[in-house]
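What follows is a short report on a single structure.
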Amino acid sequence: MTMESDNLITQEFNLNMGPYHPSTHGVFRAVLTLDGEVIVRQKNVLGYLHRGMEKIAESKTYNQFIPYTARLDYLASALNNMGYVQTVEKLAAIEVPERAEHLRVIVAELQRIASHLLMVGSTANDMGAMTAIVYYMTLREKVLDLLEMITGARLTNNYMRIGGVIDDLPDEFYDKFKELRKFLPERLDMVNTLIVGNEIFASRLKGIGVITAEMALDYGVTGPNLRAAGVDFDLRKKDPCSVYDRFDFEVPVLKNGDAFDRFLIRGLEMRQSLRIVEQAVEALPEGPIMAKVPRQLKPPAGEVFHKIEGARGVLAFHLVSDGGPKPYRLHIHGPSFVNIEIMPAISPGLMLQDFLAAFATIDVDMGEVDR
Amino acid sequence: MNDIKELFETLNPAFNGALRLSDDGQSVYAPPESIPEVLALLKDQHEYVMLADLSAVEYEDRFEVVYHVMKLTDAGVIRIKAALPRENPSLPSVTSVWKAADVQEREAFDLMGINFRGHPDLRRILCPDGFTGHPLRKSFSIKPVNRF
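One line per chain: the protein sequences are A and B, in this order.
Okay, so the first sequence: first residue is 11 according to our numbering, each after it adds one.
Okay, so the second sequence: first residue is 580 according to our numbering, each after it adds one.
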């Protein structure tokens with residue numbers, strides 16, 4: 011059938027993408043104004059998962075709030091735990107024992123691997139690579155097994171405490187980790203040859219949803235998305251919290267900033283995280299895993315700002331204390347909340363299917379967006 | 580936040596001494612009206628190219644809007660504050676300096692009721708559109724509603 015496109019009159023229409031759509035990875039609604047299949051405008055509608063975490067924090071003691079932080083970014087719970095307890099430790103000037111710091115790094119980096127594995131898996135799935143997600147998910151399950159072994163929970167683990175960690179590594183961990191250490195790079199290589207080397211998969215992602223370095227800084231995009239745009243900024247190197255400065259690892263930086271680079275950089279980061287865990291397990295010092303912290307913690311009045319490199323970017327906590335047993339005000343800066351707002355800037359001109367590619371590779375977690 | 584005193588000394592003459600160092604020496608208070616200028620100056624001339632966080636805190640006698648700006652070179656952070664009266668707290672928006680301020684100002688508007696003048700689209704972001712009140716204010720009660 012032939013069509014004279016010059017004479018064709020098209021009409022813009024609105025399409026609600028979400029709140030319940032598998033590709034939005036949570037309850038998020040994008041109101042897309044389409045011209046045929048091409049996006050003209052996008053408006054984000056957030057708040058479907060707003061639980062009022064910051065308000066809840068004001069009615070809980072400092073220790074009671076730790077499990078809630080695991081529900082912020084539920085795909086990287088341990089990193090949220092770590093950010094929060096370190097904020098309180100900074101305010102109350104609590105010294106954490108060496109062994110506990112190493113255990114925290116082990117759990118945090120395993121968590122980062124698990125989070126990135128879910129991201130590459132679900133992106134592959136969104137692009138129609140149904141085989142790849144199964145491989146990634148089995149791999150992720152192996153990482154989660156390790157996390158479950160240490161922390162007692164697969165997802166919303168509650169392992170960190172103010173002043174240390176709750177438990178030591180179980181004896182079976184070392185053998186299981188040895189298996190993973192061999193298995194993970196092998197399996198990543200294998201899936202890479204399946205999909206990253208696949209022309210169809212690569213061309214679905216290449217050149218889609220480009221975020222330049224200037225744009226990223228203007229919109230406050232951080233984490234792997236910023237590094238995929240060519241900016242070498244990783245808080246584990248620039249301002250190391252815990253004992254990150256003792257480990258030898260590289261920060262992968264790519265330059266195109268498109269969906270393909272954002273996808274690739276997660277794979278590279280997982281290998282670096284594995285290197286960190288290896289070194290932390292080897293360098294694990296003897297000693298206590300908890301500092302002496304009063305049962306009723308009352309940090310001095312004052313305020314503190316602490317930031318860590320979360321799985322999706324700079325995760326920051328701004329904590330104000332009035333000297334009482336509960337936080338006076340806790341503000342949580344979730345990286346996804348800021349990252350998601352670059353979508354309306356990059357989506358105009360994209361096809362509807364490419365919107366999925368751009369959105370999936372930004373890797374947002376709605377629990378962290380809405381808090 | 581080591582170099583905050585130094586930075587305060589260099590910034591203050593540009594604003595005719597209107598800036599004030601806080602009592603604990605860790606934050607700089609700026610007059611609300613000159614917040615965009617102060618942040619633009621930090622961004623353009625002092626390498627603080629990223630808005631790391633924007634939050635609002637309620638005190639007994641005032642509201643404070645707190646900006647944390649970050650350097651890329653060493654991830655150094657400076658805390659800038661604006662103190663606002665309890666009645667109709669309002670100050671100019673910094674969306675002209677960073678697009679990143681857009682959602683964060685909407686959040687502070689929604690949850691704390693701070694009015695950012697000059698914001699392109701200041702409406703609720705996390706709470707539903709028809710919601711009344713600002714949940715993060717201390718006067719907002721989270722007791723369950725008696726439905727029956």
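Here a beta-carbon is modelled for each residue, glycine too, at the ideal position from N, C-alpha and C.
{"Asked": "Cβ-based contacts, 9 angstroms cut-off: residues of the region 210 to 235 of chain A near chain B", "Found": "Met225, Leu227, Asp228, Tyr229, Gly230, Val231 and Thr232"}
{"Asked": "Extent of the continuous alpha helix (DSSP H) to which A:Tyr78 belongs", "Found": "Ile76 to Thr79"}
{"Asked": "Contacts that B:Arg539 makes with chain A (C-beta to C-beta distance below 7 angstroms)", "Found": "Coverage of chain B is limited to positions 580 through 727, which leaves residue 539 of chain B absent and any answer about it impossible."}
{"Asked": "Limits of the unbroken beta strand (DSSP E) element including A:Thr232", "Found": "No beta strand (DSSP E) contains A:Thr232, which DSSP labels as neither H nor E."}
{"Asked": "Helix, strand or coil at A:Glu351 [DSSP, three-state]", "Found": "helix"}
{"Asked": "Limits of the unbroken alpha helix (DSSP H) element including A:Asp199", "Found": "Phe183 to Val201"}
{"Asked": "Ranges of the alpha helix (DSSP H) found wholly within the region 96 to 179 of chain A, counting only runs of at least 4", "Found": "108 to 136 and 140 to 161"}
{"Asked": "Interface partners of B:His647 on chain A, CB under 9 angstroms", "Found": "Phe315, Lys317, Ala326, His328 and His343"}
{"Asked": "C-beta atoms of B:Tyr646 and B:Leu663 nearer than 8 angstroms", "Found": "no"}
{"Asked": "Any chain B beta carbon closer than 8 angstroms to A:Glu158", "Found": "no"}
{"Asked": "Proximity below 8 angstroms, CB of A:Leu268 to CB of A:Gly233", "Found": "According to the sequence displayed, residue 268 of chain A carries Asp and not Leu. It is not a contact, given that the beta carbons lie outside the stated cut-off."}
{"Asked": "Backbone CA spacing between A:Leu179 and A:Leu113 [nearest angstrom]", "Found": "8 angstroms"}
{"Asked": "Beta-bridge pairing of A:Lys216 - partner residues as DSSP gives them", "Found": "None, per the DSSP bridge assignment."}
{"Asked": "Beta-carbon proximity list for A:Val220, same chain, < 8 angstroms, skipping 5 on both sides", "Found": "Asn266, Gly267, Asp268 and Ile356"}
{"Asked": "Selection from B:Ile583, B:Gly655, B:Thr652 and B:Val636 that minimises the alpha carbon distance to A:Thr329", "Found": "Note on identity: in this sequence residue 329 of chain A is Leu, with Thr being the wrong assignment. A:Leu329 has its Cα closest to that of B:Val636, out of B:Ile583, B:Gly655, B:Thr652 and B:Val636."}
{"Asked": "Straight-line Cα distance separating A:Gly173 from A:Val106", "Found": "5 angstroms"}
{"Asked": "For A:Val50, three-class secondary structure by DSSP", "Found": "strand"}
{"Asked": "Nonlocal neighbours in the same chain, by C-beta distance under 6 angstroms from A:Val231, ignoring five residues either side", "Found": "Asn349 and Ile352"}
{"Asked": "8 angstroms contact criterion, which B:Ala679 and B:Leu630 should meet: CB distance rounded", "Found": "5 angstroms"}
{"Asked": "Local Cβ density within 10 Å of B:Val648, reported as buried at 16 or more and exposed below that", "Found": "buried"}
{"Asked": "Interfacial residues, the region 620 to 648 of chain B to chain A, with Cβ spacing under 7 angstroms", "Found": "Val628, Met629, Leu630, Ala631, Asp632, Ser634, Val636, Val645 and His647"}
{"Asked": "Endpoints, the beta strand (DSSP E) within which A:Val330 is located", "Found": "Val324 to Ser331"}
{"Asked": "Minimum Cβ-Cβ distance from A:Val433 to chain B less than 8 angstroms", "Found": "Absent from the structure is residue 433 of chain A, since the part of chain A shown begins at 11 and ends at 381."}
{"Asked": "Spatial distance of A:Asp375 from A:Arg381 (CA atoms)", "Found": "10 angstroms"}
{"Asked": "Cβ pair A:Phe193, A:Leu156 closer than 8 angstroms", "Found": "no"}
{"Asked": "Short-range partners of chain A found in the region 694 to 716 of chain B, where Cβ spacing is below 9 angstroms", "Found": "Arg703, Ile704, Leu705, Cys706, Pro707, Pro714 and Leu715"}
{"Asked": "Beta-carbon spacing of A:His343, A:Leu325 below 8 angstroms", "Found": "yes"}
{"Asked": "Endpoints, beta strand (DSSP E) assigned at A:Leu204", "Found": "From DSSP, A:Leu204 is part of no beta strand (DSSP E); its letter is neither H nor E."}
{"Asked": "Collapsed DSSP secondary structure at A:Leu227 in the structure displayed", "Found": "helix"}
{"Asked": "Assigned exposure category for B:Ile721 - 16 Cβ within 10 Å defines buried", "Found": "exposed"}
{"Asked": "Nearest residue (CA-CA) to A:Tyr30, options A:Leu56, A:Glu22, A:Glu47 and A:Val48", "Found": "A:Leu56"}
{"Asked": "Per-residue contacts from B:Lys678 into chain A (C-beta, under 9 angstroms)", "Found": "Met225, Asp228, Tyr229, Gly230, Glu351, Ile352 and Ala355"}
{"Asked": "A:Tyr169 to A:Asp271 span [Cα, whole Å]", "Found": "33 angstroms"}
{"Asked": "For A:Ser283, the three-state DSSP class (helix, strand or coil)", "Found": "helix"}
{"Asked": "Of the residues A:Val314, A:Leu245 and A:Gly323, the one placed nearest B:Ala654, counting alpha carbons only", "Found": "A:Leu245"}
{"Asked": "Where A:Phe243 meets chain B, residues with beta-carbon distance less than 7 angstroms", "Found": "Leu651"}
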